[in-house]
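Student: Residue numbers (this note's numbering): 2 to 106.
Structure incoming, see below.
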Amino acid sequence: MKVSQSKTFLAIDRILPILGENIKLARLRRKFSMQQVSQRANISRSTLIRIEKGDSGVSIGKYLQVLIVLKLENDILLVAKDDVLGRKLQDIGLKTKKRAPKRVE
Numbered sequence: 002m003k004v005s006q007s008k009t010f011l012a013i014d015r016i017l018p019i020l021g022e023n024i025k026l027a028r029l030r031r032k033f034s035m036q037q038v039s040q041r042a043n044i045s046r047s048t049l050i051r052i053e054k055g056d057s058g059v060s061i062g063k064y065l066q067v068l069i070v071l072k073l074e075n076d077i078l079l080v081a082k083d084d085v086l087g088r089k090l091q092d093i094g095l096k097t098k099k100r101a102p103k104r105v106e
């Protein structure tokens, strides 16, 4: 059981810093200061710093508040939108009939 938990945490430790960096770059492209974004998102500056570092202790709601300020809130809707693995698993589970149904006349 510990192996799967450590894999999960490794994925979090790998993904969240990338997300934080992407948020930081989006803020800088818009030439927003940390103070501007934190005030508009109604969060503290230290929380924004944690978000931009990819801290897993920050709630997803706080991440979303920052994305809204940056006008990137619709990007969150792309998560799991095209679930390729889920569709493949669903297709595997579909039962197909071996024979065509008989015609009723």
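The beta carbon of each residue, even a glycine, is placed where N, CA and C say it ideally should be.
Since we're looking at a predicted model, the values are computed, not measured.
Relative to the C-alpha of Ser-57, which residue among Ile-13, Val-67, Gly-87 and Arg-88 is closest?
Tutor: Among Ile-13, Val-67, Gly-87 and Arg-88, the Cα nearest to that of Ser-57 belongs to Ile-13.
Student: Taking Glu-53 as part of the alpha helix (DSSP H), name the residues at either end of that continuous run.
Tutor: It spans 46 to 54 - the alpha helix (DSSP H) in which Glu-53 sits, taken as one unbroken run.
Student: Please report the distance separating the alpha-carbon of Ile-93 from that of Leu-86.
Tutor: Cα to Cα, Ile-93 sits roughly 11 Å from Leu-86.
Student: Compute the distance between the beta-carbons of Ala-42 and Gln-66, then report whether it is under 8 Å.
Tutor: A contact, by the Cβ cut-off of 8 Å.
Student: Less than 8 Å between the CB atoms is what I'm expecting for Ile-52 and Tyr-64, so what's the real figure, rounded?
Tutor: That belief holds up - the Cβ atoms of Ile-52 and Tyr-64 are roughly 6 Å apart, short of 8 Å.
Student: Going by other Cβ atoms of all chains shown within 10 Å of its Cβ, with 16 needed for buried, is Val-38 buried or exposed?
Tutor: By the 10 Å Cβ count, Val-38 comes out buried.
Student: Which term fits Gly-55, buried or exposed, when burial requires 16 or more other beta carbons within 10 angstroms of its beta carbon?
Tutor: Its Cβ being crowded by 16 or more others within 10 Å, Gly-55 is buried.
Student: Ser-60: which of Leu-71, Val-70, Thr-48 and Ile-69 sits nearest, CA to CA?
Tutor: With distances taken between Cα atoms, Ser-60 lies closest to Thr-48.
Student: So which of Leu-79, Gln-91, Leu-71 and Arg-100 has the shortest CA-CA distance to Arg-30?
Tutor: For the residues Leu-79, Gln-91, Leu-71 and Arg-100, the minimum Cα distance to Arg-30 belongs to Leu-71.
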